[in-house]
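Residue numbers (our numbering): 370 to 1089.
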DNA sequence: CGGCTTA
């Protein structure tokens, strides 16, 4: 706490003083906190003031910042005083002052007696679950024999059997003292507020130095093999199938130590997302458990060329650009407020895809829409969706705790965020609320928003399904569902969760599927959910758009990184795609080392870093982003003039989506795909499928062609 | 390979 907030001679505000609880006296009657009413921390009466009633988590979530658009609030860490000045919130002894954070309201008390000691017996055995020094003692993080004792944590049927897990029924507060050490004790005080603003101050959790000290966390070397054999068959099956699991982690320890820090601010190295093995993957390991969150993809490879035909088979109704000339959004059936909001968003009049689909959506039809990337698909579904909700809305509007009536699903968090940035202002213009539901961030705020009541949900499948299972999200009144990047949502790994989610929505609800590429991969969804869809695409706007110059560089493998470096050494925005997270990270590092400011974007970064790195490209703070295919679809960044495919894509659709990051809104762009000689045949086949013509050029570092492609020479020469 | 849930 800043010293200047302490009145001279006073004692620290009790909420902020970790040592307070130890001082037996309690209030001694001197002034404290702010003297001005309305200021945070204001205390009108000292000493005998009644103890402040506390909110439980849900109440707090419902009240917090209710006066500002919730989606625009700063991330947690930036609020209040940034956390750094809040030394002990949620920690140590303070904890005891808090009457059961987030528990009271959850389950009926009655449960308690029935579950006398769930999760406690074990606890004594591992007093500091998963943390600190204990870690080394538990080489097999979260695994091993404990597992068998709690056979179904967080899973299907168990869930229903113990409706009150993680809830009220644990123990009355005073029980606390008896509870061995759950979440308390010395560890707690040592941890400077896990997961909040102070993050950067956190000494070494999951970071460089510590890494080396923690010999066994989550890594290859974490547990002797023998451990595994002893484990009674739980959690084994997949393991054997994935022998290299954890071996191809992007950062092996070796690398880490070699380059402890290059001084890159943005390396992202310190912002790794938590590993996803153990718990995260666990559900799918158990046969017989219905929850199959991310189904394994062993079945992949059933792809046959015949499946991969372009949408024409679905008899798209083509719309010509000329058809929509002079048409306004009002003509299409949108209300005045929405039209005004669209104008504000920079969309004064409809694009063809919008003109094609908006009337059908308002008419209540299911719609399949294919439009070139950057053709305005978000508005094509967002605006009529809001219009529909208005028509059906009636008096429910703004009722506390009303159930959502529209759902927009996207394959990546970044895309969900971006969609919300467009849809939210449209919705707000007519008094409807949106909220984002996606993983990688604390769920409190999202749950709070749901409790206040929202109309439109924008999110990714994982968290949405999670909240459904927690009983915190009810889709039964969702009458309009949108799948953006629909074909990707039908890929293995996404299809099943998406199907489960769609089945949770109102029966007979309207479904809209949009993507830049659509093929028969969507058939299974169409069959089940879109009985007779209207299919739209925009004629003459295929992906081989004239504004993009496609090139293929055939290089020696050893020259590849060097050539990428030369290509990326330019003054305009460049997006580089790699196949793996590790390579994306390595390339970003290499570019930085070469003096080219670059950041990365991939699933090994935590969400904060992902958001920040993408924002750095958007804002122009850096010109180079190295990404996995997380950035391939839907992400819009202005003025990317060069897309480099450091690894060629496997699928023509991926090529189209990646290259769609440039040449947006009619601007020019170059797509350079770097391949080894051996890949030429495959590449040609892929380009044929994508209906793209591209020149092949062999290149070595320093070649003129690289200068050209980087834009250091004139366009005239480039095309010559 | 990548993407997608956890306090």
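Cβ atoms here follow ideal geometry from the backbone N, Cα and C, with glycine treated the same way. This structure is a prediction, so every number in the text was calculated from the model and none was measured.
* With a 10 Å radius around its C-beta and 16 neighbouring C-beta atoms as the bar for buried, classify residue 1034 as buried or exposed. => Within the first chain, the letter at position 665 stands for residue 1034. When all chains shown are included, residue 1034 counts as exposed.
* Asked: How about residue 956 and residue 995: do their beta carbons lie closer than 8 Å?
  -> Position 587 of the first chain holds residue 956. Position 626 of the first chain holds residue 995. Yes, these two residues count as a Cβ contact at 8 Å.
* To do: Pick helix, strand or coil for residue 805, following the three-state DSSP scheme.
  => Along the first chain, read from residue 1 onward, the residue named residue 805 stands at position 436. Residue 805: strand per DSSP, three-state reduction.
* Does the Cβ of residue 926 have 16 or more other Cβ atoms within 10 Å, making it buried, or fewer, making it exposed? -> Reading the first chain from its first residue, position 557 is the one you call residue 926. When all chains shown are included, residue 926 counts as exposed.
* CB-CB length for residue 871 against residue 828, believed under 8 Å -> As a working mapping, residue 871 is identified with position 502 in the first chain. As a working mapping, residue 828 is identified with position 459 in the first chain. Contact between residue 871 and residue 828 does not hold, since the beta-carbon distance rounds to 14 Å and is not under 8 Å.
* Can you tell which of 746, 961, 813, 1065 has the C-alpha that lies nearest to the C-alpha of residue 1045? -> In the first chain, the residue the question calls residue 1045 occupies position 676. Cα-wise, what sits closest to residue 1045 is 1065.
* Asked: Would residue 833 be called buried (16 or more neighbouring beta carbons within 10 Å of its own) or exposed?
  -> Numbered from 1 along the first chain, position 464 holds the residue referred to as residue 833. Flag for residue 833 reads buried.
* Asked: So, is residue 1057 buried or exposed, given that buried needs 16 or more other C-beta atoms within 10 angstroms?
  -> On the first chain, residue 1057 is found 688 positions in, with the first residue counted as 1. With fewer than 16 other Cβ atoms inside 10 Å of its own Cβ, residue 1057 counts as exposed.
* Exposure label - residue 858; buried when at least 16 CB within 10 Å -> Taking the first residue of the first chain as position 1, residue 858 is located at position 489. Buried, because 16 or more other Cβ atoms sit within 10 Å of the Cβ of residue 858.
* What separation, rounded to the nearest whole angstrom, lies between the Cα atoms of residue 670 and residue 1019? -> Along the first chain, read from residue 1 onward, the residue named residue 670 stands at position 301. Along the first chain, read from residue 1 onward, the residue named residue 1019 stands at position 650. Since pLDDT at residue 670 reaches only 36, below the 50 mark, its modelled position is unreliable, and the value read off the structure follows with that caveat. Just so you know, the alpha carbons of residue 670 and residue 1019 end up roughly 12 Å apart.
* To do: Give every residue of the same chain whose Cβ lies closer than 7 Å to the Cβ of residue 938, excluding the five residues on either side of it in the sequence, and list them in chain order.
  => For the purposes of this step, residue 938 is identified with residue 569 of the first chain, where counting begins at 1. The answer, listed in chain order, is 965, 1079.
* Evaluate residue 761 with the Cβ neighbour count: other Cβ atoms within 10 Å of its Cβ, from every protein chain shown; 16 or more gives buried, anything less gives exposed. => The residue given as residue 761 occupies position 392 in the first chain. Taking all protein chains shown into account, residue 761 has fewer than 16 neighbouring C-beta atoms within 10 Å of its C-beta and is therefore exposed.
* Asked: What beta strand (DSSP E) runs, 3 residues minimum, are completely inside the stretch 864-901?
  -> Listed in chain order, the complete beta strand (DSSP E) runs (minimum 3 residues) inside the stretch 864-901 are 879-884.
* To do: Answer with buried or exposed for residue 940, where buried requires no fewer than 16 other C-beta atoms within 10 angstroms of its C-beta.
  => Position 571 of the first chain, counting from 1, holds the residue named residue 940. Sixteen is the threshold: since fewer than 16 other Cβ atoms of the shown chains lie within 10 Å of the Cβ of residue 940, the residue is exposed.
* With distances taken between CB atoms, is the gap from residue 848 to residue 879 smaller than 8 Å? -> Along the first chain, one-based indexing puts residue 848 at 479. Along the first chain, one-based indexing puts residue 879 at 510. Cβ atoms of residue 848 and residue 879: closer than 8 Å.
* Asked: Between residue 1013 and residue 945, is the Cβ-Cβ spacing less than 8 Å?
  -> As a working mapping, residue 1013 is identified with position 644 in the first chain. As a working mapping, residue 945 is identified with position 576 in the first chain. In contact: residue 1013 and residue 945 (Cβ atoms closer than 8 Å).
* Measure the C-alpha to C-alpha separation of residue 1039 and residue 1077 and round it to an integer number of angstroms. => As a working mapping, residue 1039 is identified with position 670 in the first chain. As a working mapping, residue 1077 is identified with position 708 in the first chain. So the alpha carbons of these two residues sit roughly 11 Å apart.
* Asked: Between residue 954 and residue 973, which are expected to be in contact by the criterion C-beta below 8 Å, what is the C-beta distance as a whole number of angstroms?
  -> Your numbering for residue 954 matches position 585 in the first chain. Your numbering for residue 973 matches position 604 in the first chain. Sure, about 7 Å apart at Cβ, within 8 Å.
* Asked: Considering residue 755, what are the terminal residues of the alpha helix (DSSP H) in which it resides?
  -> Translated into the one-based positions of the first chain, residue 755 becomes position 386. In the DSSP assignment, residue 755 falls within the unbroken alpha helix (DSSP H) covering 746-762.
* Residue range of the alpha helix (DSSP H) that residue 814 falls in? -> Along the first chain, read from residue 1 onward, the residue named residue 814 stands at position 445. Secondary structure note for residue 814: its alpha helix (DSSP H) is the uninterrupted segment 813-821.
* To do: From the DSSP output, read off the bridge partner residues of residue 1014.
  => The residue labelled residue 1014 in the question sits at position 645 within the first chain. BP columns for residue 1014 point to 946, 1042.
* Residues near residue 874 in its chain [Cβ-Cβ closer than 8 Å; skip 5 each side] -> Position 505 of the first chain, counted from the first residue, corresponds to residue 874. Excluding residues within five positions, the ones whose Cβ falls inside 8 Å are 776, 844, 845, 847, 848, 850.
* To do: Reducing DSSP to helix, strand and coil, say where residue 831 ends up.
  => Position 462 of the first chain, counted from the first residue, corresponds to residue 831. Correct three-state label for residue 831: helix.
* Asked: Using 8 Å as the Cβ pair cut-off and three pairs as the minimum, do the stretch 740-753 and the stretch 789-804 touch?
  -> Because the criterion of three Cβ pairs below 8 Å is met, the stretch 740-753 and the stretch 789-804 touch.
* Asked: In angstroms, rounded to a whole number, what distance separates the CA positions of residue 976 and residue 810?
  -> In the first chain, residue 976 corresponds to position 607, counting from 1. In the first chain, residue 810 corresponds to position 441, counting from 1. A straight line joining the alpha-carbon of residue 976 with that of residue 810 spans about 7 Å.
* **Coarse secondary structure for residue 739, derived from DSSP in three states** => Against the first chain, residue 739 aligns to sequence position 370. Note: residue 739 maps to strand in three-state DSSP.
* Asked: Going straight from the alpha carbon of residue 863 to that of residue 830, what length do you get?
  -> Here residue 863 refers to the residue found at position 494 when the first chain is read from its first residue. Here residue 830 refers to the residue found at position 461 when the first chain is read from its first residue. Approximately 8 Å, taken between the alpha carbons.
* Just how far apart, CA to CA, sit residue 943 and residue 1011? -> The residue given as residue 943 occupies position 574 in the first chain. The residue given as residue 1011 occupies position 642 in the first chain. Going from the Cα of residue 943 to the Cα of residue 1011 covers about 5 Å.
* C-beta contact flag for residue 1021 and residue 1055 at 8 Å -> Translated into the one-based positions of the first chain, residue 1021 becomes position 652. Translated into the one-based positions of the first chain, residue 1055 becomes position 686. Against a cut-off of 8 Å, the Cβ pair of residue 1055 and residue 1021 comes out as a contact.
* Asked: Would residue 783 pass as a contact of residue 1004 if the rule is Cβ separation under 8 Å?
  -> Here residue 783 refers to the residue found at position 414 when the first chain is read from its first residue. Here residue 1004 refers to the residue found at position 635 when the first chain is read from its first residue. Closer than 8 Å, so yes.
* May I have a chain-ordered list of the beta strand (DSSP E) segments no shorter than 3 residues that lie completely inside the stretch 969-1023? => Those beta strand (DSSP E) runs which fall completely within the stretch 969-1023 and span 3+ residues are 993-996, 1009-1014.
* In angstroms with no decimal places, state the Cα-to-Cα distance between residue 921 and residue 797. => As a working note, residue 921 is residue 552 in the first chain. As a working note, residue 797 is residue 428 in the first chain. Going from the Cα of residue 921 to the Cα of residue 797 covers about 45 Å.
* To do: Can you grab the Cα-Cα spacing for the pair residue 739 / residue 693, in whole Å?
  => In the first chain, residue 739 corresponds to position 370, counting from 1. In the first chain, residue 693 corresponds to position 324, counting from 1. Cα to Cα, residue 739 sits roughly 16 Å from residue 693.
* To do: Given a cut-off of 8 Å, decide if residue 919 and residue 1063 are closer than it, judged by their beta-carbon atoms.
  => The residue you call residue 1063 lines up with position 694 of the first chain. The residue you call residue 919 lines up with position 550 of the first chain. In this structure, residue 919 lies closer than 8 Å to residue 1063 by Cβ.
* To do: Spatial neighbours of residue 1008 within its chain, please: CB distance less than 6 Å, with the 5 preceding and 5 following residues excluded, ordered by chain position.
  => Mapped onto the first chain, residue 1008 falls at position 639. The answer, listed in chain order, is 942.
* Asked: To the nearest angstrom, how far is it from the Cα of residue 1047 to the Cα of residue 930?
  -> Looking up residue 1047 in the first chain gives position 678. Looking up residue 930 in the first chain gives position 561. Straight-line Cα distance between these residues: approximately 17 Å.
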